[in-house]
Every structure is written in structure tokens, then in C-alpha cells.
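Worksheet for the structure shown next.
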Amino acid sequence: NATARLVVGAPLRHLPYRSFRDQRYGGGRQSQFQLIGLLNSGLLDNGNFEQAPNASNMKGTVVVGRYAIPGWVNEGFVEYIKSGQKQGDMLLVVPEGAYAVRLGNEASIKQEIKVVKGMYYSITFSAARTCAQEERLNVTVAPDSGVMPIQTVYSSSGWDNYAWAFKTQSDAVMLIIHNPGVEEDPACGPLIDAVAIKALYPPRPTNSTVDLICQTTSFKKLPNTLVQLHMILNAIVSLKFQFCIVAENIMKNGGFEEGPYIFPNTPWGVLIPPNIEDDNSPLPAWVVESLKAVKYIDSAHYFVPQGRRAVELVGGKESAIAQITRTIVGKTYRLSFSVGDANNSCAGSLVVEAFAGKATLKVPYESKGTGGFKRAALRFVAVSNRTRIMFLSTFYTMRSDDFSSLCGPVVDDVKLLSIRNP
Numbered sequence: 437n438a439t440a441r442l443v444v445g446a447p448l449r450h451l452p453y454r455s456f457r458d459q460r461y462g463g464g465r466q467s468q469f470q471l472i473g474l475l476n477s478g479l480l481d482n483g484n485f486e487q488a489p490n491a492s493n494m495k496g497t498v499v500v501g502r503y504a505i506p507g508w509v510n511e512g513f514v515e516y517i518k519s520g521q522k523q524g525d526m527l528l529v530v531p532e533g534a535y536a537v538r539l540g541n542e543a544s545i546k547q548e549i550k551v552v553k554g555m556y557y558s559i560t561f562s563a564a565r566t567c568a569q570e571e572r573l574n575v576t577v578a579p580d581s582g583v584m585p586i587q588t589v590y591s592s593s594g595w596d597n598y599a600w601a602f603k604t605q606s607d608a609v610m611l612i613i614h615n616p617g618v619e620e621d622p623a624c625g626p627l628i629d630a631v632a633i634k635a636l637y638p639p640r641p642t643n644s645t646v647d648l649i650c651q652t653t654s655f656k657k658l659p660n661t662l663v664q665l666h667m668i669l670n671a672i673v674s675l676k677f678q679f680c681i682v683a684e685n686i687m688k689n690g691g692f693e694e695g696p697y698i699f700p701n702t703p704w705g706v707l708i709p710p711n712i713e714d715d716n717s718p719l720p721a722w723v724v725e726s727l728k729a730v731k732y733i734d735s736a737h738y739f740v741p742q743g744r745r746a747v748e749l750v751g752g753k754e755s756a757i758a759q760i761t762r763t764i765v766g767k768t769y770r771l772s773f774s775v776g777d778a779n780n781s782c783a784g785s786l787v788v789e790a791f792a793g794k795a796t797l798k799v800p801y802e803s804k805g806t807g808g809f810k811r812a813a814l815r816f817v818a819v820s821n822r823t824r825i826m827f828l829s830t831f832y833t834m835r836s837d838d839f840s841s842l843c844g845p846v847v848d849d850v851k852l853l854s855i856r857n858p
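Put into C-alpha cells, the structure is as follows:
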């Protein structure tokens, strides 16, 4: 029985082509708006603190003078730390270059940044705690502010990268990183290094990504117009057609290609802390609805199922991402996604739980820790005009190479398609 395929429901221009993000990386035509955003990606002025204060502005490791660190304004007890410096029995290591700063109680560093008014940006910075006390950092770009908990260490190096997002209200903003701690020993303050910025773009449905939803049918079920076509062509009655309807992905940023800046020289990704109370997300269209962070990873340092970016759920059920999508009550939808491991020695039985409104699906994945993925799908009928899509990891997992770093399953290439009822 021969099968012919008809693609209906979309003109040729809707068939798969390179997405907006591919054009940005692959050299397609770019608007002036995009180019402005691209210019605002990378380290801030002296963002890695490699330009040192003058010797006259140093008293031991303590920085003296508000403008002593080139490119920055510092307030309070701020130390300039060299990689390899010792704090008691602990050796302080700097991830980017040779120098970092340490913020004592109520100390801060700040820098004015030229931006584009009305755009969204994310800040990425490296931080490490130096004592066992609970530590956190307050990041502010007025009127937005967020608290970054850095007590949980996710990498074996002791350093983690964090992301935070804001929307500009002028063409220049003041970034402030502040330690609100009140520890007895000011040397217990967090270390800061490698501060960078990246422009973010408003999320939209990924309608440049299309799938073919196919169903085989006989001529007896064909519309009259196709029956007439059959009669004209003298086709065989037993011939079966496979109808393929072009369906657009209504998820926003489903491939996670839009997200915070990732430092090329740090192989531990970027943590996106819980941002339920924040107005903006460094992972556009997604919200971290959990107590723990999720990790944003890239293909340069990890295995990624599709494209250049993905999300690793590193905190078990305390690590979840969610997105609210528009749906039509009574229509059937198909949620599909990739589950895998990041080639980071995260071996064992991994499970991702997917939620689409009231529908749920558990996807087991046996990981060898060497990279790989599988596709999964959840079919559901919408019961509301807004449906919450959420992913979380069932188990806590540690990397098998150091038994100290949290890891988990990778989620990528999320698609939500409206389909015909079976």
C-alpha cells in the first residue's frame, strides 16, 4: 500500500528555516536593534578586576578610597584578593584571571553601565563563599533588586556563576552588588569576580520552529476537493494519503537559546536562582519556581541535546522551571521535550516530571554520565485559556567524579503543539 504525503495548512515560507537566534550566531541579516544588544554582551569595564588599585590605595589587602579599583566605586570594607592567597588553612582560588574582590559586612561595589532604554539585560557574575555562615548577595539596578543566596555550592571549585535580570528605564544604569551580611569576622564576606552583561530579547512563540503532525487516511475520508483531484488523476482507490499539518510551536524560548551570558573560561554553567518574586527572568519566558536554582549550560562545556543551550535541573524537586502558555479550552495539545545528561559524570537513574495543567508525565532516563538524550511527549486537553508547563527532577544526584557537586537531568527543545483529536 503506497502512501503519499500532503502538507497543508501553511505556505512555503512557514516551513523550517533558520531561527532568529541562528541568524544572530550564523550571520543572517540583523536589525540595528539587535546589533545594539549584541554590543552589550561581555565583561563590564574591568569586570574581572585584573586592573589593580595603585599601591597607595592599598592597606594590606584592604582597598582604601572609593575610586581605587579602576572602573568601580566601592563602599565599606572591600578587599582585593590575589589567587593563591591563604585565609587560614583555606587557599583562595580565582576563576577568571588572578584577582577578585571580597565584600565585608554591608560593603558594596558599583559601576555605571551604558544601556538601551526599555531593553532587558541580564547580569552574570562569579561568586564564592569563604566561611560556613549563610551568605547572600544583593544585586540592584534601580528600581529592581534581587537577593542571591550563595550558601549552596554547586561546583567542586567552590565558585558558582549567578544570573539576574532587569529592565532599563534610562540609557544609563547603576549596577550595585552589595553584601548585606553582619558577620563578626569581615573576612567571611563573599568573593566576587568576572561580572558581565548580556542583552535579552522579549520572548515570543517559537513559530520559526514547525513540526509535521501526520495522520494516514483513505480516499473515502478525503474532502471533496481531494476526491475530485483523485478522479482527475485516475489514482488508485486503495491509495492512502498521509495528511501532514504544519503546527507551530507555541512555547516561548523552548530551546533555551536566549539566556544569560556564559563565561567562556568557566566550565560550570550559570545558576539561575529562584525568581518567583522578581519581575524579570534571566531565562526569558521561564520562571524558576523552586527553592533551589537551575543551571544554564552551553554546548561548549556540556552535552546539549539541541542547539547551543539547555537547562540542567540540579536540585531535585527543589529545582523546577515553568512557563505559562496561552491555550484554547477543549483543544488537544502535545507537549514534547528532550531529557538527557550533560556529559558531566551525572550517572544513574534520572527522572524528569513534566506537568501540563492537570496532566503529568514521569520520564525515566538511565544516564551513563557521558552525554545523551531521549524524546518524550505528553498529550493533554486544555481546561483553561492559560496552561502552566513545568519541569522538575524527581531525585537528588551527585556527580560520580567528585561526589560533592549537585547535578541532574537536562531538559531541552520544549515544544507545545495544537493537534487534532485522535
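Taking our numbering, I'd label the letters of the sequence shown as residues 437 to 858. Every residue, glycine too, gets a C-beta built ideally from N, C-alpha and C.
- Contact between I612 and L573 fails: their C-beta atoms lie close to 10 Å from each other, not under 8 Å.
- Residue burial annotation: E620 is exposed, with fewer than 16 other C-beta atoms found within 10 angstroms of its C-beta.
- The region 581 to 589 makes no contact with the region 544 to 557; the number of CB pairs closer than 8 Å stays below 3.
- The DSSP-derived three-state label of K546 is strand.
- Setting aside the 5 residues that flank it on each side, R770 is surrounded in the same chain by A813, R815, L853, I855, each with a C-beta closer than 7 Å to its C-beta; the list follows chain order.
- Contact between the region 744 to 764 and the region 828 to 847 is present: 3 or more CB-CB pairs across the two stretches fall below 8 Å.
- A distance below 7 Å between beta-carbons, with the five flanking residues on each side excluded, links Q521 to the following residues of its chain, in chain order: L528.
- Rounded to whole angstroms, the separation of the alpha carbons of C624 and P489 is 22 Å.
- Classified as exposed, Q487 has fewer than 16 neighbouring CB atoms from the shown chains inside 10 Å of its CB.
- Nearest to M494 by alpha-carbon distance, out of R640, G507, F513, is F513.
- Here K753 carries a helix assignment [DSSP, helix/strand/coil].
- Annotation: the continuous beta strand (DSSP E) that includes T823 extends over 822 to 829.
- Taking C-beta separations shorter than 6 Å and ignoring five residues to either side along the sequence, the partners of V740 in its chain run A746, following chain order.
- Taking the Cβ atoms as the reference, L707 lies roughly 5 Å from Y598, within the contact range of under 8 Å.
- The beta carbon of S841 is closer than 7 Å to those of Y590, S591, S592, M834, R835 in its chain, skipping five residues each way along the sequence.
- Residue environment for V530: buried (at least 16 other C-beta atoms within 10 angstroms of its C-beta).
- Under the 10 Å beta carbon count, K728 is surrounded by 16 or more other beta carbons and is classified as buried.
- When secondary structure is reduced to three states using DSSP, C624 falls in the helix class.
- Taking the Cα positions, T702 is about 11 Å away from G533.
- Going by beta carbons, T830 and K798 fall inside the 8 Å limit.
- Around the beta carbon of D734, 16 or more other beta carbons lie within 10 angstroms, which makes this residue buried.
- Bounds of the beta strand (DSSP E) holding W600 are 596 to 603.
- Per DSSP, reduced to three states, the secondary structure at S593 is coil, with no helix or strand assignment.
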